[in-house]
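The structure under discussion appears below in the form of structure tokens.
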Amino acid sequence: MVKIATWNVNSIKARLPNVLAWLTAAEPDVVLLQELKCQKEGFPRLEIEALGYHYAMVGQKSYNGVAVLSKQPLEDPLARLPGAEADEQARYLEVTTFGIRVASIYLPNGNPPDSEKYPYKLAWMERLRARAQALLASERPFALGGDYNVIPAAEDCYDPAAWADDALFLPDSRRQFHALLNLGLTEAFRALHPGLRAYSYWDYQGAAWQADHGIRIDHVLLSPQAADRLVACAIDKSPRGEPKASDHTPVICELAA
DNA sequence: ATGGTTGCCTCGCAA
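Numbering-wise (this note's numbering), the first sequence opens with residue 2 and increments by one.
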């Protein structure tokens, strides 16, 4: 069994005690982290390695930044999403571990939709689709996990009307997300829990956590060869209720060995 | 009701 988790930690430095406590309790084999908000030298590698994890990361000052932690070594890192060589935003890291190709994804937020940020988001999603297509041709198991900044459907949102004009829920965002799935990928949580209302993000503002005003935007997409091994997928709400929590909580899936 | 929360490390921006 391989336990793969994804978690947007909203600053690895601010979140370090929470992250270390959760790794110790949940014991995931592979962890995809997003929004590190630091460069390589600021990454708390000693503390992570002390828990038995190898790691790879791509950093950026103050914004973005993604990492992969694994109980086994990481091979063949790809530190950027192909298709825009001038793009300096640290939002993509792909490695091989446990014999599985995994990517940690921090998809652009895209707000406000009338700014240049929205076309950047859609173009980034098109690049991701092209990358997924190339990976599918390998016919090997892979998992693309992270903060997709997309609410796939109305049932993934406490109040769809409140999000109607948001870049996370606009039709073009959802269309592009479903185009990705339609390549033949399996969205692990929804595949195992059709119709279940569950969220992975609650805004810091307006007591959203206490009111359960959440959205489900953190996803793990599996290739057919990985989906055949999928035995469980869950959202672990407990870290969101801790002091100094990230606004996101981990999503975990288990693949048979 | 144009509010409110968090993190970065600037005096605003991004989420």
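Every residue, glycine too, gets a C-beta built ideally from N, C-alpha and C. Because the structure is a prediction, the values reported are computed rather than measured.
Cβ contact annotation for residue 96 (same chain, cutoff 7 angstroms, sequence separation greater than five): 57, 69, 75, 76, 77, 78, 103, in chain order. With a 10 Å radius around the Cβ and a threshold of 16 neighbouring Cβ atoms, residue 183 comes out exposed. As the crow flies, the alpha-carbon of residue 88 is around 28 angstroms from that of residue 49. Per the coordinates, the alpha-carbon of residue 54 lies some 33 angstroms from the alpha-carbon of residue 179.
The alpha-carbon of residue 196 is positioned some 19 angstroms away from that of residue 164. With 16 or more other Cβ atoms from the protein chains shown falling within 10 Å of its own Cβ, residue 217 counts as buried.
Between residue 145 and residue 222, the gap from beta carbon to beta carbon is short of 8 angstroms. In this structure, residue 82 and residue 132 form a Cβ contact; the two beta carbons are roughly 6 angstroms apart against a cut-off of 8 angstroms.
If you look at residue 61, you'll find it isn't in any alpha helix (DSSP H); DSSP assigns it neither H nor E.
Check the Cα spacing between residue 92 and each of 201, 205, 148: the tightest is with 148. Close CB contacts of residue 171 within its chain, under the 7 angstroms cut and outside five residues either way in sequence, are with 114 (chain order).
With at least 16 other beta carbons inside 10 angstroms of its own, residue 168 counts as buried. Here residue 205 is exposed: its Cβ has fewer than 16 other Cβ atoms, across all protein chains shown, within 10 Å. Inclusion of residue 61 and residue 90 in the CB contact set at 8 angstroms is warranted, their separation being smaller than that value. Three or more beta-carbon pairs separated by less than 8 angstroms are not found between the region 208–215 and the region 115–129, which leaves the two stretches without contact.
DSSP, read as helix, strand or coil, puts residue 49 in helix. As for any alpha helix (DSSP H) of minimum length 4 sitting wholly inside the region 221–257, the runs are 225–228, ordered along the chain. Rounded to whole angstroms, the separation of the alpha carbons of residue 229 and residue 250 is 26 angstroms. Ranking 41, 35, 105 by CA distance to the CA of residue 143 puts 105 first. The three-state secondary structure of residue 211, taken from DSSP, is helix.
The C-alpha of residue 174 is placed about 10 angstroms away from the C-alpha of residue 120.
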